[in-house]
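Numbering (the working numbering), first residue to last: 3 to 327.
Taking it in order: structure first as structure tokens, then the write-up.
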Amino acid sequence: MTQPEIVKGKGFEKVDRQKFGHDHLLGTKNLNKDEIEIILDLANYYADRLDDKAFKPDILRGNIILSLFFEDSTRTRTSFEMAAKRLGAEWINIDIAHSSVKKGESLLDTVLTLDAMLRPDAIIMRHSEFAAPDFIAGHVNCPVVNAGDSWREHPTQALLDALTIRRHKGKIEGLNIAICGDVAHSRVASSNMDTLVKLGANVRVIAPPLLMPKKLPHDSIQMFTSMEEGLKDCDIVMMLRLQKERMLDAEIPSEESFFADYGLTLERLDMAKPDALVMHPGPMNRNVEIADEVADDPQRSLILNQVRNGVPTRMAVLDLLLKNK
3 MTQPEIVKGK GFEKVDRQKF GHDHLLGTKN LNKDEIEIIL DLANYYADRL
53 DDKAFKPDIL RGNIILSLFF EDSTRTRTSF EMAAKRLGAE WINIDIAHSS
103 VKKGESLLDT VLTLDAMLRP DAIIMRHSEF AAPDFIAGHV NCPVVNAGDS
153 WREHPTQALL DALTIRRHKG KIEGLNIAIC GDVAHSRVAS SNMDTLVKLG
203 ANVRVIAPPL LMPKKLPHDS IQMFTSMEEG LKDCDIVMML RLQKERMLDA
253 EIPSEESFFA DYGLTLERLD MAKPDALVMH PGPMNRNVEI ADEVADDPQR
303 SLILNQVRNG VPTRMAVLDL LLKNK
């Protein structure tokens with residue numbers, strides 16, 4: 003079995019930027035279906051051209067993008083940096099570990115100081131506090147992009163996941179998509195549930211009771227506490243890592259018992275559809291939530307495709323927010 007052919011994107015000129023009416027990207031819950039599809043169409047266009055060395059749109063030349071990551075990140079920060087540079091913007095990364103925040107300066111004072119000094123055209127922000135990017139967006143005069151806050155939202159991860167599914171399945175509407183693992187503490191799960199339901203997917207979540215959220219963003223989402231039951235007829239299986247940094251100690255099961263009950267093995271994957279594909283936002287904990295042979299399966303795993311699609315998705319977000327200014 004081989005993966006389906008990648009679906010090519012619309013032409014650059016066919017994306018109607020004027021219908022994207024947002025000054026910031028703070029969460030998927032602020033987006034409607036049409037706005038999500040505008041981002042995906044533009045991201046698809048950029049994804050088609052990632053390997054073309056001659057493709058240098060430079061549409062953001064002269065713009066300054068400020069990176070404020072108050073939590074560690076490799077994939078997201080680097081992906082945003084590459085997106086900014088591919089569009090010709092200048093990227094400024096602030097080393098938060100050695101910033102004035104460590105001397106007791108407030109978050110707002112730090113951001114306002116940098117805003118006054120650098121006059122950025124956009125701020126990319128990750129923070130552990132709930133809705134911190136929303137708070138900052140109310141105090142600066144440039145677009146703010148939420149690169150992850152608390153366990154509330156991670157909008158660009160959900161968008162790149164949707165792009166990955168659409169490029170490999172040809173559609174999202176009508177697909178059965180399972181989100182499995184530590185759903186309760188995952189901002190990726192939160193944004194994905196919202197995005198995928200809006201795009202017409204049949205979304206289900208699979209988790210042990212302690213890691214199942216008390217409230218889901220849409221009534222149509224089904225809940226399962228058994229992998230065997232939840233994986234039946236799935237087109238996409240999206241695994242999540244244990245978010246130990248956001249748990250109480252009592253909530254953390256042993257890794258061995260978690261893998262025994264909820265780890266994705268080839269045997270469990272066989273319970274889904276024969277052409278089901280596997281996703282994981284990373285970083286992976288191998289043989290905790292996903293077995294090596296599943297993560298590395300060249301025909302079933304889309305994990306590296308997700309990483310790759312982060313750049314064109316974030317290019318699309320920066321394009322829309324800055325070109326519409």
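Ideal Cβ positions, reconstructed from N, Cα and C, are used throughout, including at glycine.
The segment 7-77 is shown to contain whole beta strand (DSSP E) runs of 3 or more residues at 66-71, in chain order.
From the listed residues 198, 285 and 274, the smallest Cα separation to residue 36 is found for 198.
Comparing C-alpha distances from residue 22 to each of 41, 290, 97 and 245 shows the shortest one belongs to 41.
For residue 150, no alpha helix (DSSP H) run applies; the uninterrupted beta strand (DSSP E) run containing it begins and ends at 146-151, by DSSP. Residue environment analysis places residue 261 among the buried positions, since at least 16 neighbouring C-beta atoms fall within 10 angstroms of its C-beta. DSSP lists 68 and 146 as the beta-bridge partner residues of residue 125.
Secondary-structure assignment with DSSP links residue 226 through a beta bridge to 208. The straight-line gap separating the alpha-carbon atoms of residue 60 and residue 154 is approximately 33 Å. Restricting attention to 186, 205, 282 and 181, the CA atom closest to the CA of residue 175 is found in 205. The beta carbons of residue 303 and residue 280 sit closer together than 8 Å. At least 8 Å separates the beta-carbon of residue 144 from that of residue 180. Residue 119 sits in a helix when the DSSP states are folded into three classes. Around the CB of residue 256, fewer than 16 other CB atoms lie within 10 Å, so the residue is classed as exposed. The C-beta of residue 81 has 16 or more other C-beta atoms within 10 Å across all chains shown, which makes the residue buried.
Pairing residue 239 with residue 266 gives a Cβ-Cβ distance under 8 Å. Counting other Cβ atoms within 10 Å of its Cβ, residue 150 reaches 16 or more and is therefore classed as buried. Between residue 156 and residue 193, the CB-CB gap stays under 8 Å. By the Cβ-count criterion, residue 132 is exposed, with fewer than 16 other Cβ atoms from all chains shown falling within 10 Å of its own Cβ.
One Cα belongs to residue 191, the other to residue 76, and the distance between them is close to 19 Å.
It is roughly 16 Å from the alpha-carbon of residue 56 to the alpha-carbon of residue 314. Between the beta-carbon of residue 126 and that of residue 147 there is about 5 Å, and that keeps the pair under the 8 Å contact cut. Under the DSSP assignment, residue 174 falls outside any beta strand (DSSP E); it carries neither an H nor an E label. In the assembly as shown, residue 171 is a buried residue. Its beta-carbon has 16 or more other beta-carbons within 10 Å. A distance below 8 Å between beta-carbons, with the five flanking residues on each side excluded, links residue 114 to the following residues of its chain, in chain order: 141 and 142. Across the structure, residue 272 and residue 83 are spaced so that their CA atoms are roughly 38 Å apart.
When beta bridges are read from the DSSP output, residue 95 appears opposite 69.
By alpha-carbon distance to residue 53, the top candidate from 325, 310 and 321 is 310. Only residues of its own chain outside the window of five on either side were considered, and among them 288 have a CB closer than 7 Å to the CB of residue 294, listed in chain order. By the Cβ-count criterion, residue 301 is exposed, with fewer than 16 other Cβ atoms from all chains shown falling within 10 Å of its own Cβ. Under the 10 Å beta carbon count, residue 34 is surrounded by fewer than 16 other beta carbons and is classified as exposed.
If you draw a straight line from the Cα of residue 325 to the Cα of residue 232, it comes to about 42 Å. Residue 189 is a Cβ neighbour of residue 152, given a cutoff of 8 Å.
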